[in-house]
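Asks: Just passing along the structure, written as structure tokens.
Numbering (this note's numbering), first residue to last: 137 to 336.
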């Protein structure tokens, strides 16, 4: 179900665990990069498992903006990873990591300590520019970090922020480009000023 088994003499027979966090704003290619990383592992003979938070109910699996899709387990809690973890699984992919609670940090540490590769993707900042869920902790404990940029939908510059298209004070609103768009820091600050002035 989750790819090939680890073959004899595979480079994964003696692998050391690590975590890689792929982050950036909406539209920066985080899921595409997660898929690319998992495919690299499978080509080398590893076995991968992909999980996502159950609150992300947009698709049964995980889909990129370009339409590519992978099967994924939807979990209520990060600890459920251990319920599905088979000995031959070398790598765990985690999509939308920002939607999990802080227990994901401990789960990742345990997996890495047991020689697993954990590749996570998620937003580092919410639409208001605040650290999002467990992402600050995941980023600081990761061996590797990839910070991706999108293109600002307002001015065309490199975008590291995400702007919400509709009015809402909720930090968590599950959605894609229909609700959010990437913007640069300057355009995000301009939008935030408008949001604050609207509250007065």
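Cβ atoms here follow ideal geometry from the backbone N, Cα and C, with glycine treated the same way.
Give a yes or no on whether the C-beta atoms belonging to residue 293 and residue 162 are separated by under 8 Å.
Replies: Cβ atoms of residue 293 and residue 162: not closer than 8 Å.
Asks: State the start and end residues of the unbroken beta strand (DSSP E) segment that holds residue 211.
Replies: Its beta strand (DSSP E) spans residues 209-211.
Asks: In terms of residues, what are the limits of the alpha helix (DSSP H) holding residue 169?
Replies: 166-179 is the extent of the alpha helix (DSSP H) around residue 169.
Asks: Give the C-beta separation of residue 270 and residue 240 to the nearest angstrom, bearing in mind that I take them to be a contact with Cβ-Cβ under 8 Å.
Replies: With a Cβ gap of about 5 Å, residue 270 and residue 240 count as contacting.
Asks: Classify residue 326 as helix, strand or coil using the three-state DSSP reduction.
Replies: Reduced to three states, the DSSP call for residue 326 is helix.
Asks: For residue 317, write down the residues that DSSP places opposite it in a beta bridge.
Replies: Bridge partners of residue 317: 299.
Asks: DSSP has residue 276 in a bridge; who is on the other side?
Replies: Paired residue(s): none; residue 276 is not in a bridge.
Asks: Note down the Cα distance separating residue 236 from residue 282, rounded to an integer number of angstroms.
Replies: Roughly 19 Å between the two C-alpha positions.
Asks: If you check the beta carbons only, do residue 228 and residue 198 fall under 8 Å apart?
Replies: In this structure, residue 198 does not lie closer than 8 Å to residue 228 by Cβ.
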